[in-house]
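Step one of this worksheet: look at the structure below.
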Amino acid sequence: MATNKTDKVLNVPTLRFPGFTEEWQKSALGDICTVQMCKRIFAHQTSEVGDVPFYKIGTIGGIPDSYISKELFDEYRCKYNYPQQGEVMITCAGTVGKAIPFDGADSYFQDSNIVWLSNPTDKINNKFLYYIISRVDWSRLNSTTITRIYNDDLRKLGISYPNRTEQKKIADFLSLLDDRIALQSKLIEDLKKLKSAIRANIFQRLKNAPTHTKSGAELLLYEQPTKYIVEDYEYSSDKTQTPVLTANKSLILGYTSENFGVYDKGNCIILDDFTLDMKFITFPFKVKSSAIKILTTKCGVNLRFIFEQLQWMGLTPLGHNRHYISMVEPMQFYCPSIEVQRNIAQLLDKADDKLRNELQLLELLIKQKSFLLSAMFI
């Protein structure tokens, strides 16, 4: 908040575009918008294929898994409440508070779990309203374990907003940043697909060539993680401490100050013996799970080459069993000369370097947006 010459606290954000000096207005959201929802759709009215997507809290903003007929859609859209393009939709259960501008495409939405803010007045821009809703900490409404947003929660929500000109300036600017984030995300996905295609081409060529093969047991060494398991599960966010790893998507669970039992023997592969998820690791670490196996290679074998080959193989777990000894060790791996292995590893490592750089840029863009949302709104 800023102050004027009489030290009165002004209802203005800390960061504004030049030329705007007026105080922002305060209001309850319910004084500007009404909370609406679609008429209920019953399970027997949906199907796995159909004409019009039916979105639920788990699929809105993504890929639908249910559909309704065009006839039912046309009838309900005509008779009952239906959002206008641009109005803000909000998930009220499950992952609560997910805000999505309605794109206007033919679609229908799960009643009560997905609502929208009908906004017939000219007081507030829908894009600006979307950014207001996107930054709300819903856990502060009634508990730290909120499981549902009720209509009254939305109606009573206090908001501040400037005149329409400033609203549009802010919303248009943040929309450009959102477009840049979306473009960066697509670039990353395209790079992942490109690397996967390059890897598939390489190993398919090895498969079709008269390449010598060896079993996993001949190539790999494994170590149980027992002495590297973290003792204190209260992790820190201090990145100067030792990371605690998992082999699944999240990789780093947090950081620990424990300076004993740290794996610091160099590059390795961590493999979840149950799920077969794996990661190539180049830094000291501790682990949480006893199901992790730590893999290294025997003399004359490039570890990164083996890791990429494992990725290409696309291993699938067989039930909730341990798999390394029964599945990975008997597998046959293509083993060209160590020089060829090294060249392949270096090529795919360069692709990963590019991915890491683009992911870091995406992280910076997301942090920039988070800062702007906190500085440009009240």
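With this note's numbering, you'll find the sequence shown wraps up at 1733, consecutive numbering, no jumps. The beta carbon of each residue, even a glycine, is placed where N, CA and C say it ideally should be. What you are looking at is a predicted structure, and each value in this text was computed from that prediction instead of being measured.
Review point. Can you give, in chain order, each stretch of the beta strand (DSSP E) that sits fully within the segment 1656 to 1727 and has at least 3 residues?
Key: 1687 to 1689
Point to revise | Selection from 1710, 1455, 1629, 1488 that minimises the alpha carbon distance to residue 1728 | key: On the sequence shown, position 373 is the one that residue 1728 refers to. That would be 1488, whose Cα lies nearest to the Cα of residue 1728.
Review point. Which value, in whole angstroms, describes the spacing of the CA atoms of residue 1618 and residue 1524?
Key: Counted from its first residue, the sequence shown places residue 1618 at position 263. Counted from its first residue, the sequence shown places residue 1524 at position 169. Approximately 52 Å, taken between the alpha carbons.
Point to revise | Coarse secondary structure for residue 1572, derived from DSSP in three states | key: Within the sequence shown, numbered from 1, the residue matching residue 1572 stands at position 217. Helix.
Practice item. Indicate whether the contact test is met: 3 or more Cβ pairs, each with one atom in the segment 1441 to 1455 and one in the segment 1401 to 1416, closer than 8 Å. Key: yes
Check your understanding: My guess is that residue 1657 and residue 1693 are in contact by the Cβ rule of under 8 Å, so how many angstroms apart are they, rounded?
Key -> Here residue 1657 corresponds to residue number 302 of the sequence shown, with the count starting at 1. Here residue 1693 corresponds to residue number 338 of the sequence shown, with the count starting at 1. Sure, about 6 Å apart at Cβ, within 8 Å.
Exercise for review: Please state whether DSSP places residue 1520 in a helix, a strand or coil.
Suggested key: Within the sequence shown, numbered from 1, the residue matching residue 1520 stands at position 165. Correct three-state label for residue 1520: helix.
Exercise for review: Compare the Cα-Cα distances from residue 1688 to each of 1520, 1567, 1602 and report the closest residue.
Suggested key: The residue given as residue 1688 occupies position 333 in the sequence shown. Of the listed residues, the one whose Cα sits closest to residue 1688 is 1567.
Exercise for review: Report the rounded CA-to-CA distance for residue 1468 versus residue 1651, giving the unit in angstroms.
Suggested key: Mapped onto the sequence shown, residue 1468 falls at position 113. Mapped onto the sequence shown, residue 1651 falls at position 296. Near 49 Å, if we compare the C-alpha coordinates of residue 1651 and residue 1468.
Check your understanding: So, helix, strand or coil for residue 1493, using DSSP?
Key -> Stepping through the sequence shown from its first residue, residue 1493 is reached at position 138. Residue state, collapsed to three classes: helix.
Check your understanding: Measuring CA to CA, which of 1647, 1455, 1641, 1669 is closest to residue 1530?
Key -> Here residue 1530 refers to the residue found at position 175 of the sequence shown. Looking at the Cα atoms, 1455 is the closest of the given residues.
Review point. Can residue 1514 and residue 1382 be called in contact, C-beta distance under 7 Å?
Key: The sequence position of residue 1514 within the sequence shown is 159, counting from 1. The sequence position of residue 1382 within the sequence shown is 27, counting from 1. Going by C-beta atoms, residue 1514 is nearer than 7 Å to residue 1382.
Point to revise | For residue 1477 and residue 1407, believed in contact at Cβ under 8 Å, the rounded distance | key: Translated into positions along the sequence shown, residue 1407 becomes position 52. Translated into positions along the sequence shown, residue 1477 becomes position 122. Not really, about 31 Å apart at Cβ, beyond 8 Å.
Review point. Can you tell me the Cα-Cα spacing of residue 1672 and residue 1569, whole angstroms?
Key: Stepping through the sequence shown from its first residue, residue 1672 is reached at position 317. Stepping through the sequence shown from its first residue, residue 1569 is reached at position 214. Their backbone Cα atoms lie some 22 Å apart in a straight line.
Review point. Less than 7 Å separating the beta-carbons of residue 1442 and residue 1428?
Key: Here residue 1442 corresponds to residue number 87 of the sequence shown, with the count starting at 1. Here residue 1428 corresponds to residue number 73 of the sequence shown, with the count starting at 1. For residue 1442 and residue 1428, no; Cβs fall outside 7 Å.
**Study point:** Per DSSP, the bridge partner or partners of residue 1400
**Key:** Position 45 of the sequence shown, counted from the first residue, corresponds to residue 1400. DSSP, once it has assigned bridges, lists no residue as partnering residue 1400.
Exercise for review: Taking only the alpha-carbon atoms, compute the straight-line gap between residue 1518 and residue 1732 and give it to the nearest angstrom.
Suggested key: To locate residue 1518, count along the sequence shown from 1; it is residue 163. To locate residue 1732, count along the sequence shown from 1; it is residue 377. Roughly 13 Å separates the two Cα atoms.
Practice item. Report the option in 1607, 1374, 1662, 1681 whose CA atom is closest to the CA atom of residue 1639. Key: For this step, residue 1639 is matched to residue 284 along the sequence shown. The residue with the shortest Cα to Cα distance from residue 1639 is 1607.
**Study point:** Spatially closest choice to residue 1420 from 1405, 1554, 1470, 1396, by CA coordinates
**Key:** Your numbering for residue 1420 matches position 65 in the sequence shown. Considering only alpha carbons, the answer is 1405.
Practice item. Specify, as a first and last residue, the run of the beta strand (DSSP E) that residue 1434 falls within. Key: Along the sequence shown, one-based indexing puts residue 1434 at 79. Premise fails: residue 1434 lies in the alpha helix (DSSP H), 1425 to 1434, not in any beta strand (DSSP E).
Check your understanding: With distances taken from CA atoms, which of 1582, 1600, 1684 is nearest residue 1590?
Key -> Locating residue 1590 in the sequence shown gives position 235, counting from the first residue. With distances taken between Cα atoms, residue 1590 lies closest to 1600.
Review point. For the putative contact between residue 1641 and residue 1613, defined by C-beta atoms under 8 Å, what is the C-beta separation to the nearest angstrom?
Key: In the sequence shown, residue 1641 corresponds to position 286, counting from 1. In the sequence shown, residue 1613 corresponds to position 258, counting from 1. With 8 Å as the limit, residue 1641 and residue 1613 qualify as a contact, their Cβ atoms being about 7 Å apart.
Exercise for review: Report buried or exposed for residue 1571, applying the criterion of at least 16 other Cβ atoms within 10 angstroms of its Cβ.
Suggested key: What you label residue 1571 is simply residue 216 of the sequence shown in a count that begins at 1. So residue 1571 counts as buried.
Exercise for review: Have a look at residue 1564 and residue 1573 and give me their C-alpha separation to the nearest angstrom.
Suggested key: On the sequence shown, position 209 is the one that residue 1564 refers to. On the sequence shown, position 218 is the one that residue 1573 refers to. One C-alpha to the other measures close to 21 Å.
Point to revise | Cβ-based burial, residue 1615 [other Cβ within 10 Å; buried from 16] | key: In the sequence shown, counting from the first residue as 1, residue 1615 sits at position 260. Result: exposed.
**Study point:** N- and C-terminal bounds of the beta strand (DSSP E) containing residue 1627
**Key:** The residue labelled residue 1627 in the question sits at position 272 within the sequence shown. Its beta strand (DSSP E) spans residues 1623 to 1627.
Check your understanding: Are residue 1611 and residue 1597 closer than 7 Å when you measure CB to CB?
Key -> Counting from one through the sequence shown, the residue named residue 1611 turns up at place 256. Counting from one through the sequence shown, the residue named residue 1597 turns up at place 242. Taking 7 Å as the Cβ cut-off, residue 1611 and residue 1597 qualify as a contacting pair.
Check your understanding: With 16 other CB atoms within 10 Å as the buried threshold, where does residue 1668 fall?
Key -> Along the sequence shown, read from residue 1 onward, the residue named residue 1668 stands at position 313. Residue 1668 is exposed by the Cβ-count criterion.
Point to revise | Whole-angstrom C-beta distance between residue 1387 and residue 1423, which should lie under 8 Å | key: The count along the sequence shown starts at 1 and reaches residue 1423 at position 68. The count along the sequence shown starts at 1 and reaches residue 1387 at position 32. Rounded, the Cβ-Cβ distance is 31 Å, inconsistent with contact.
Practice item. Report the rounded CA-to-CA distance for residue 1528 versus residue 1676, giving the unit in angstroms. Key: As a first step, residue 1528 must be located in the sequence shown, where it is residue number 173. As a first step, residue 1676 must be located in the sequence shown, where it is residue number 321. Near 52 Å, if we compare the C-alpha coordinates of residue 1676 and residue 1528.
Practice item. Could you tell me how far apart the beta carbons of residue 1384 and residue 1510 are, in whole angstroms, since I believe they sit closer than 8 Å? Key: Position 29 of the sequence shown, counted from the start, is the residue given in the question as residue 1384. Position 155 of the sequence shown, counted from the start, is the residue given in the question as residue 1510. Going by Cβ atoms, the distance from residue 1384 to residue 1510 rounds to 6 Å, so yes, they are a contact pair.
Review point. Taking the C-alpha atoms as reference points, what is the distance between residue 1588 and residue 1605?
Key: Taking the sequence shown and counting its residues from 1, the one referred to as residue 1588 is at position 233. Taking the sequence shown and counting its residues from 1, the one referred to as residue 1605 is at position 250. The alpha-carbon atoms of residue 1588 and residue 1605 are separated by roughly 16 Å.
**Study point:** Identity of the residues DSSP links to residue 1647 by a beta bridge
**Key:** Numbered from 1 along the sequence shown, position 292 holds the residue referred to as residue 1647. 1627.
Point to revise | Cβ pair residue 1649, residue 1623 closer than 7 Å | key: To locate residue 1649, count along the sequence shown from 1; it is residue 294. To locate residue 1623, count along the sequence shown from 1; it is residue 268. Cβ atoms of residue 1649 and residue 1623: closer than 7 Å.
Practice item. With distances taken Cα to Cα, identify the nearest neighbour of residue 1701 among 1370, 1486, 1661. Key: In the sequence shown, counting from the first residue as 1, residue 1701 sits at position 346. Nearest C-alpha to residue 1701: 1661.
Exercise for review: Pick helix, strand or coil for residue 1503, following the three-state DSSP scheme.
Suggested key: Position 148 of the sequence shown holds residue 1503. In the structure shown, residue 1503 sits in a strand (DSSP, three-state: E or B).
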